[in-house]
Each structure stands twice: as structure tokens, then as C-alpha cells.
Amino acid sequence: MKNPKTWLSVLVAALLVLLIPPLVSTGSDETGDQIRNFRVMVPNSPGGGYDITARTAVKAIEEAELNGSTEVFNLPGAGGTVGLGRLVNERGNGKLAMSMGLGVVGAVYTNRSPSSLQDTTPIAKLTEESDVVVVGKDSPYQTIGQLIEAWKANPGAVPVGGGSAPGGPDHLAPMLMAKAAGIAPATVNYVPFDGGGELMASVLGGKVGFGVSGIGETRDQIEAGELRALAVTSPQRVPGMDAPTLQESGVDVSFTNWRGIVAPPGISNGDREKLVSLFTRLQDTQQWQDALRLNGWTNAFSAGDEYGAFLKAENDRVASVLKELGLA
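Everything in the sequence shown is counted per the working numbering, starting at 2 for the first residue and increasing by one.
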């Protein structure tokens, strides 16, 4: 029989082998590219564009085993600026990111937010989606040219509806259209609706002269013949959509709604690199490619400093339009 002290020493040594490495190996609770306890904040309500993007991306990340379990939570309010303020206050937290998009850029101005996207750490732009200019099937406007002509003649008499508040993408697109057509944006009669469903009902009912919204919110009604697509706002035509671009119709506007990821300010270079790497590796997964096709999203990936430069340019563009409207 072995000496009890020897047996006890062997047992203690075995336990130390099992217990000590995770505590002292790296000084961190993360291994390799994994981000433990990773959370993604959504600054709007469940079912919104930022929410769908975040949950779709996280689902693809988990299924492709790029990272462990990731929590997605909602913190809506003030066009996304409530969530933005929370993110900025989480300085140095490398385990938190926020799903956002063009609407937050405008909401910073229209809600007089003390925090801006320039205060965040840019991680990645993920997707783009074109807006489409639509009228009801009984509308007198058969072409975008006819609509623009009537709009220029009397802007107030041709109200435009959008599924977002002032500063959001459905508001910015017609304002940029007006500016390009020689219409003073301040004279545009913009009618905001709480999402695409209410907007489409008003377009079909003739309560607005035309509507501007995302492809995903209008495709079914267009295919059913209830809506007529007059133009898309993207620089290229949209596959499966029988409508010209604004640019080829003589309206020099190239506009897409986009969505991406930002992180709190002041995170370490290592944490920033892990987040950028995570969303970079996501691009090559079959799960993400399938999600892009299913949702009709255009892959518009850019990351890090390139994405940061894009955010600044978008901020300047949005500020220019909103200042003309007296909203910034």
C-alpha cells in the first residue's frame, strides 16, 4: 500500500493540473479568437431592421462556431440614440457591440444626442439595401419622370410618405431626391409612418402622392401588382425589380440604407482586432451567405479604419441635408 502522504500529493498535483491552467495561462477568460460573454445591443424594438440584422448575424456566428453563445438584447428609444448613449458610456468594454445603421446617423441630429457615432469604435459595415420609390396601382404617375415633374411644380401638393422618422433612411432618400431635382428640401411635405406596413396602406389608399421604403417592405405588393415601382435609389438596378435607378432617370442620387456594427470607445487594440476578425470571418460562412440571399441584402462589408472613414462621410452627408431642413 502506498504511503498516504504520497497518494495525497499525487491527488493534489492532479487537481492543480486541472484547475490552474484556465486561471493563469493567459490572464484572460478568452481563448484564441473567442469572445466570452459577448453581447450585442440593438437600439430599436424587436423585429426592426437593426434587430433582424443582429440576430441573423449572431445566429450565423454561433452555427458556424466562430464564437460561443452570444446574447442579443434590445434598448430602444429616440431613434437609436438611447442605445448609442449606453454604448458610449461602456467605455473600454470589449465584450459589447451595437447593431446600427443609417437611421442612427440622422437621429443623432434630430434628437440632439450628446453622443455621436464619432465617439464609438467602428467594427464593420455588413449590409446595404436599396430604397424604392413606389405609387399605388391607380396613381396617375406611370414613370419617375412624371412624378418628378409634378413634384417640382408644387412640392407641397405631392406628399411623400416614409416608414421612418425625420433623419431616418426613408426620410433622407426623398430629401436627397428633392435636392437633386432642384426642389428645396424645406418645401417637401414629408409624412412619417411607424414602419413600412402603415406606409404601404397609405400609399395604396392614395393618402400620400408616393412612398419611399426598403425593397424588403415593398416587394410582395409590387409583385402582386398593388404597387408600381418607379425607381430604385441604389447605383445599380435591383435584380428581380423592374425599375430603373434614379441616376439613369436623370436624378443624380445614389442612396442605400446600410447596417453595421460599432463598439464602445476606448477598447484595447486586442479587443478591437478580435471584433473585427469575428465579423470578417463571418463573411465566408455559408450561414451568412444564405442569410444575405434570404433577406435580399447586398453584402457591403468593410471593416476597421475603412468603415470609420465611411461613417464620417455619411455623418457629413446627413448633416448637410438636415441642416437645409433646419433639423440639425
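Cβ coordinates follow ideal geometry from the N, Cα and C atoms, glycine included. Since we're looking at a predicted model, the values are computed, not measured.
Are there 16 or more other CB atoms within 10 angstroms of the CB of residue i, so buried, or fewer, so exposed?
i	result
Phe74	exposed
Asp30	Since pLDDT at Asp30 reaches only 42, below the 50 mark, its modelled position is unreliable, and the value read off the structure follows with that caveat. So Asp30 ends up on the exposed side.
Arg260	buried
Arg294	exposed
Asn90	exposed
Gln222	buried
Asn45	buried
Ala292	buried
Glu199	exposed
Asp171	buried
Asn155	exposed
Ser70	exposed
Ala125	buried
Pro47	exposed
Lys349	Outside the displayed span of the chain (2 to 329) sits residue 349, for which this structure offers no information.
Ser165	buried
Ala304	buried
Arg113	exposed
Gly80	buried
Asp272	buried
Gly33	exposed
Glu224	exposed
Gly197	buried
Ala58	buried
Give me, in chain order, the residues of the same chain whose beta-carbon lies closer than 6 Å to that of residue i; leave out the 5 immediate sequence neighbours on both sides.
i	result
Asp317	none
Glu315	Val106
Gly212	Val135, Gly162, Leu200 and Val204
Ser116	Leu85, Gly86 and Val89
Pro236	Ser255
Arg92	Pro265, Pro266 and Gly267
Asn190	Gly157 and Pro160
Ala202	none
Gly56	Reading the sequence as shown, one finds Arg at residue 56 and not Gly. Within the same chain, Arg56 has close Cβ partners Val73.
Would you mind working out which of the options sits nearest residue i, comparing C-alpha positions?
i	options	result
Val105	Asp306, Leu279, Val263 and Arg282	Val263
Ala310	Gln35, Glu72, Pro123 and Lys96	Pro123
Thr65	Glu325, Val319, Trp289 and Leu323	Before going further, note that residue 65 is Ala rather than Thr in the sequence given. Selected option, being the one with the closest Cα: Trp289.
Leu97	Gly50, Ser278 and Glu72	Glu72
Met385	Ser116, Phe194 and Glu150	This structure gives no information on residue 385, because the portion of the chain shown stretches from 2 to 329.
Gln287	Asp34, Ile62 and Gly50	Ile62
Ala301	Leu279, Asn258, Ile268 and Lys313	Asn258
Thr299	Thr54, Val43 and Val41	Thr54
Thr128	Thr281, Lys313 and Leu323	Thr281
Phe194	Ala181, Ser214 and Arg37	Ser214
Leu103	Leu283, Gly197 and Gly50	Gly50
Arg37	Ser321, Asn190, Gly95 and Ala182	Gly95
Arg40	Leu276, Leu323 and Leu312	Leu276
Tyr308	Met101, Lys180, Val59 and Gly207	Met101
Asp306	Glu274, Leu76 and Ala58	Glu274
Val322	Gly78, Thr219, Asn270 and Ala174	Ala174
Lys208	Thr219, Arg220 and Val192	Val192
Which residues in the same chain as residue i place their Cβ atom closer than 7 Å to its Cβ, once the five residues preceding and following it in sequence are excluded?
i	result
Leu328	Tyr110, Thr111, Pro167 and Gly168
Gly210	Val159, Pro160 and Val161
Glu325	Pro186 and Ala187
Ile184	Trp152, Lys153 and Pro156
Leu312	Leu118 and Pro123
Ala320	Tyr110 and Ala329
Met2	A caution first: Met2 carries a pLDDT of 47, below 50, which makes its placement in the model too unreliable to give a value.
Kindly list the residues whose CB is nearer than 8 Å to the CB of residue i, restricted to its own chain and excluding five residues on each side of it in sequence; keep chain order.
i	result
Ala232	Val133, Val134, Ile145, Ala244, Pro245, Thr246, Leu247, Ser250 and Val252
Ile216	Glu130, Ser131, Asp132, Val133, Val233, Val239, Met242 and Gly297
Thr121	Leu85, Leu88, Val89, Met99, Val263, Ala264, Pro265 and Pro266
Leu148	Val134, Val136, Tyr142, Val159, Gly210, Phe211 and Leu231
Gln35	Asn68 and Gly69
Glu227	Gly137, Lys138 and Leu205
Gln284	Asn300 and Phe302
Gly78	Pro44 and Gly84
Sort out for me which residues DSSP pairs residue i with in a bridge.
i	result
Ile262	Ser100 and Ala125
Ala230	Val135
Pro160	According to DSSP, which records beta bridges pairwise, Pro160 is partnered with nothing at all.
Arg40	Glu72 and Leu97
Thr257	Ser131
Phe211	Val161
Ser303	Lys126
Val192	Gly162
Thr246	Val233
For residue i and chain B, any beta-carbon pair shorter than 7 Å?
i	result
Val133	Annotation note: the requested chain B is absent from the structure, which comprises a single protein chain.
Output the residue ranges of the beta strand (DSSP E) runs that lie fully inside the segment 276-325 and measure 3 residues or longer, sorted by chain position. For the segment 276-325, the full-length beta strand (DSSP E) segments reaching 3 residues or more read 299-304 along the chain.
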